[in-house]
Each structure stands twice: as structure tokens, then as C-alpha cells.
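Chemist: Going letter by letter, the sequence shown gives residues 139 to 487 in this note's numbering.
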Amino acid sequence: MHPTDWPTLGLVVKMLKPSDSVPFSFAWLPEPMVANLGVLVSGQSSGFLGPRWEPDRFTCDPQAKDFVVREFQLPGDLPPLRLTSRTSLLAQVDRHFARAEQSVLQDYGRLQQEALGVLTTGKARTAFALEKEPESVRDRYGRGKWGQSVLLSRRLIEADVRFVHVQWPREPGDLSSSAPMWDTHANNDKRVKSILCPQFDVGFSALIEDLDARGLLDETLVVATGEFGRTPKFNANGGRDHWGPVFSFALAGAGLSTGRLYGASDSSGAYPHSGLIRPQSLAATIFHLLGIGHNATMNDRNGRPTHICNGEPLYQLLGDIPATTARRQATGLVKPISDFVPIHALPKT
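1. If you draw a straight line from the alpha carbon of Y453 to that of E271, how long is it in whole angstroms?
2. Taking C-alpha atoms, which residue in Q337, R439, A464, A402 lies nearest to L471?
3. Under 8 angstroms by Cβ, that's how I've got L149 and W191 pegged, so tell me the actual separation to the nearest angstrom.
4. For P383, which residues of its own chain have a beta-carbon under 6 angstroms away from its beta-carbon, when the five flanking residues on both sides are left out?
5. Report yes if the CB atom of H445 is closer than 8 angstroms to the CB atom of N433, and no otherwise.
6. So who's on the other strand from V302, going by DSSP bridges?
7. Determine whether the beta carbon atoms of G185 and D143 lie at a separation below 8 angstroms.
8. Starting from A344 and walking both ways along the beta strand (DSSP E), at which residues does that stretch end?
9. Comparing alpha-carbon positions, which option in I424, G397, D379, K331 lies nearest A461?
10. Following the continuous beta strand (DSSP E) through M319, name the residue where it begins and the one where it ends.
11. In chain order, what residues of the same chain lie with their CB nearer than 8 angstroms to the CB of S419, ignoring the 5 residues before and after it?
12. L154 lies in the alpha helix (DSSP H); which residues open and close that run?
13. Verify whether the separation of the beta carbon atoms of A422 and C447 is less than 8 angstroms.
14. Under the DSSP definition of a beta bridge, which residues are partnered with P443?
15. If you run the structure through DSSP and keep just helix, strand and coil, what is P410?
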């Protein structure tokens, strides 16, 4: 990651449409995106906005029996009453320095209040209390790390967090695998059919149904996408490699005309045939549906305004009624699926 990178989308929301009732407007779950050991992928930092706008990342494992959020835990020698006393003392010190260095300390003060808010705001802490969910609901999302993170995202949206990013998590041992996460350079079929798609099918459909049942889907945009597609043809290892010319994504909620396909690839799935959509159009659509607008500007670390994107919203996807009322039940089964199957342990074809 580099200070000249573009910020991740959630930070634009955090800057231009912050939450009114919780101390953080953007949450990243359940871990950072790591390409290789210790190497963070670009696009998940504040970039040219500066460190003041770094994401609120909550590194956690919602499927764990002893699930806790590290950021909400006070040190053992700091009970809540003592924290309140320290906060009062800190406020006195801040008032003293603010008179002399008000502009310098302004951003520091905002960060300070956000951090204290995370520790002391009951609504924020309660959003992470997955144990309050019925067992049937937790089962419906799938008991894996990704499925439970998706359920956690629904609780955060209910708590008025504006933007939640759920990253597909790494699995034990996959940093040394030829098919980590969805990067299926080997044994694509078995990996996708046996492990990845069943978890996604269950978790994604559970989120849509759950939001709809709670009356939240009409005001919540759900986006499922990756950063590129896979090669139309298999390689020598039965895998599919990186492919940028064509790939798909799924949208739901927030005023979209549902139950429809838009665009198509050619007969080999290699290049767009119709309905070409570029990334900037997707970004513009997200900002439009979030009420920010695609022509808005944000200020970089030096106060210079920059347009948040240079695309046009996909107005053709919006509508008051579904394109079709036909629906299919999710068919993924997550209970018998292991989190990770090393490539050498997969049966040969």
C-alpha cells in the first residue's frame, strides 16, 4: 500500500456520510487482505486521504466459541471507572493544548473520540454480540468464518454503521497453497464446487433474506464482487488463472430492479459481448445509491478536492418492481465443508 493510492470505497462514505449514532462509519471484517505473507494488497487503506481516515479494521473470528473483538477489550488493570477518570483528565489536557495548537491537534482529537467511543458506546459493542443471535440464524448463514462475518455485517448495519466490507478470509495453510481463497490456479473445479461456492451460496442468500425480512433490504445495497475474473481455459494444473477482460458481480437491494441479468460475455466467456460495465460505473452506482452522489468531491491530506469517481451510475439497473418474481432456493450445504483442503489431499481425477 502506498500514500498515493486511491482510498477504499468505505472511507469515502466515512468522510462524506458518517454515521450519526455509532463512533465508526466503516467497518472492515474479518481481517486485512493479504496477497502473500506480510504483503497487504493495495486499495484497502486511506491512501491520499491521509492516516486520519484509515479504516476501522476489526480482526476477528466470529465462528470461534470464545469470539471477542480485540478492539473492545480494556486492559485488565483498567476498569470502566478508571477509564472514565482518565478520559476526564485527558479532556483537561486537551483543552490546555488546544488553545495553543488547535489546528495541529484537531485530527488527533477526532481519532481520540472515535477510539473512546468504540470502548464506551454500548450500541457499538452490542452489534458484535453474535451470541444474541438464535442458533437457527447462525446456522442459516453457515458456521464458517466468512458466513459468521456476513451475519456480523448485518448486525453492524442494524447499528447504523454506514458501510461494511467483508473480506473472504484466508484459511489455515493457504499461503503455501496454489489455490488460496478464490485464487484457484490449481484444481479449480473441486475447490469451487466443494468449498467455496457452497459457503457463498448459503451466506449471501441468507443475508438477502434476512435483510428483507427485517425491512432493511430496500435501504441497504449489497455488493458481491472480486477484483478480476478467471481465464476461460484451464491450465495444466486444472486451475484457472487471473483474467481481467470479463467477470461478473452481484447487486441487491437499495432500489435495484431485482431478478435480472445485465450484460453477457462471448461464447467462450473471454470478452464482453454486450452490456459492458467498467469499475468506475460500479463505484458511481454505489455512491449514487448511498445518497452521496457520483459527482461529490473529497479533500486529500493537503486539502485539495478530488472527484470521488469518474463514472456514471448504472441507471438502467434501477426500478420500482422486480424484473421477475421467479426465485430459486439456495442449495449450498456448509455443515460438511471443511475450511481448507490442501491441494495434495484432494482426490485425483
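Quick reminder that beta carbons are idealized off the backbone N, C-alpha and C, glycines included.
No experiment lies behind these values; they were computed from the predicted model shown.
Modeler: So, from the listed chains and residues:
1. In the sequence shown, residue 453 corresponds to position 315, counting from 1. In the sequence shown, residue 271 corresponds to position 133, counting from 1. Computed Cα separation, rounded: 37 angstroms.
2. For this step, residue 471 is matched to residue 333 along the sequence shown. The candidate whose alpha carbon is nearest that of L471 is Q337.
3. Taking the first residue of the sequence shown as position 1, residue 149 is located at position 11. Taking the first residue of the sequence shown as position 1, residue 191 is located at position 53. Yes, they are in contact, since the Cβ atoms of L149 and W191 sit about 5 angstroms apart, within 8 angstroms.
4. The residue given as residue 383 occupies position 245 in the sequence shown. Here the set comprises Y409.
5. Counting from 1 along the sequence shown, the entry for residue 445 is found at position 307. Counting from 1 along the sequence shown, the entry for residue 433 is found at position 295. In contact: H445 and N433 (Cβ atoms closer than 8 angstroms).
6. If you number the sequence shown from 1, residue 302 lands on position 164. According to DSSP, V302 bridges with A165.
7. Numbered from 1 along the sequence shown, position 47 holds the residue referred to as residue 185. Numbered from 1 along the sequence shown, position 5 holds the residue referred to as residue 143. Against a cut-off of 8 angstroms, the Cβ pair of D143 and G185 comes out as a contact.
8. Looking up residue 344 in the sequence shown gives position 206. Here A344 belongs to no beta strand (DSSP E); instead the alpha helix (DSSP H) covers 335 to 351.
9. Translated into the one-based positions of the sequence shown, residue 461 becomes position 323. Out of I424, G397, D379, K331, G397 has the C-alpha closest to the C-alpha of A461.
10. Taking the sequence shown and counting its residues from 1, one reaches residue 319 at position 181. Element bounds for M319: n/a, residue is neither H nor E.
11. Taking the first residue of the sequence shown as position 1, residue 419 is located at position 281. Excluding its 5 nearest sequence neighbours in each direction, S419 has C-beta neighbours in its own chain below 8 angstroms: G449, E450, P451, L452, listed in chain order.
12. Counted from its first residue, the sequence shown places residue 154 at position 16. It spans 147 to 154 - the alpha helix (DSSP H) in which L154 sits, taken as one unbroken run.
13. Locating residue 422 in the sequence shown gives position 284, where the first residue counts as 1. Locating residue 447 in the sequence shown gives position 309, where the first residue counts as 1. Cβ atoms of A422 and C447: closer than 8 angstroms.
14. By one-based count along the sequence shown, residue 443 stands at place 305. Per DSSP, N437.
15. Working through the sequence shown from its first residue, we reach residue 410 at position 272. Here P410 sits in strand by DSSP.
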